[in-house]
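Data block below; observations after.
In our numbering, the protein residues as written are 23 to 431.
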């Protein structure tokens, strides 16, 4: 039966086609999106962020109580909603949370990213010790990869983990670590030296308060959230702290990032949707030249550009999420989604600032907050420039493989 283009195929806001009707989603995804939207509208509209540390702790607990963190971990035996992490569900959750409250999105994302390596490669003991508490919002997770001289070039990291009897001793630093200072545990990547470069890196689970680890050096950024530098001085770890196989940490870090990179695009999409919604409301209600701003052709053109950027970002984001959930390799598709969604969201929010005029840069306003929140997304989990390199490399690799297949034997 042919569907009529009525309100059932339009969002309640009337500003874009209801993307939940797209074929990327199962009924369970549509139900999830509607449920988390109702929850966010009830729980997040008046969240207090005066103290980011306290706010983040409160949000993690609230997300756990709401059952949303169960989507951030894999394995039903360890609190997960599914045996494998559902990328589309993660994206829908992050998009909605970001639309309502950027710090709630951050809190959710870091629970997944910080525990993702344990989901992928943890021992039964490690999974039992950390994942149920992460899913319940009882333990805060952190992912410690970046160093002062090793950001985009992960293989250049220098934090050393040297064997000491049955255990290891860590010396060096990590920096720009989200949840630093409030995390209950850190997944830390260190050089163990099995081989040069990326092949000599291992992963460890380090509990907060472990002697020799100092997470007290805090960092402040434009969109406030818990962030710190970690310093390790003769930090001794037992053999059971090793996560996965020795020397395989780089691969584990990349596998973890692959799960959540597409969801960064979804968070950016949520910011952009909120900016579009605020822009539409502004143009409809702002008096201008005897009418409203909505009657001005330039304002209409601006809204057209904003809506188009939102929809193209959504298409790339959920294409990548759907493909990953089908078991496909999505290195190129995830990079395209993150690149496009974060860059487009920056532009959409900037256009919303223009539509709001002076109110768009008023400290504490929604648009000003979105402007601060979107900027880091163009950097973390692979900066825009890195995504371009990945896409170009993948395009060339596909062309070379095609040439090889077509060449005569």
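C-beta atoms are modelled at their ideal positions from N, C-alpha and C, and glycine is treated no differently.
All of these numbers come straight from a predicted model, not from anything done at the bench.
- Taking C-beta separations shorter than 8 Å and ignoring five residues to either side along the sequence, the partners of residue 366 in its chain run 290, 294, 331, 332, 334 and 335, following chain order.
- Straight-line spacing of the CA atoms in residue 161 and residue 206 works out to 6 Å.
- By the criterion of a C-beta distance shorter than 8 Å, residue 221 is surrounded in its chain by 269 and 272, once the five residues flanking it on both sides are discounted.
- By the C-beta density criterion, residue 237 is buried, having at least 16 other C-beta atoms within 10 angstroms.
- Taken in chain order, the unbroken stretches of alpha helix (DSSP H) that lie wholly in the region 353–391 and span 4 residues or more are 353–378.
- Sequence-distant Cβ neighbours of residue 103 in its own chain, meaning closer than 7 Å and more than five residues away, are 92 and 93.
- With contacts defined as CB atoms closer than 7 Å, residue 217 and residue 192 fail to qualify as a contacting pair.
- Inclusion of residue 129 and residue 54 in the CB contact set at 7 Å is not warranted, their separation being larger than that value.
- Burial state of residue 117 is buried, judged by a 10 Å Cβ sphere holding 16 or more other Cβ atoms.
- A straight line joining the alpha-carbon of residue 228 with that of residue 143 spans about 15 Å.
- A check of alpha carbon separations from residue 48 across 109, 318 and 157 identifies 109 as the nearest.
- Judged by beta-carbon spacing, residue 46 lies within the 7 Å limit of residue 344, meaning their Cβ atoms are closer than that value.
- For the pair residue 145 and residue 224, the Cα-to-Cα distance works out to about 15 Å.
- Cβ atoms of residue 149 and residue 89 stay farther apart than 8 Å, at about 19 Å.
- Contact between the region 196–210 and the region 296–313 is absent: fewer than three C-beta pairs spanning the two stretches fall below 8 Å.
- Sequence-distant partners of residue 262 (beyond 5 residues in either direction) whose C-beta falls short of 8 Å from its own C-beta, in its chain, are 145, 147 and 148.
- Bridge partners of residue 169 according to DSSP: 172.
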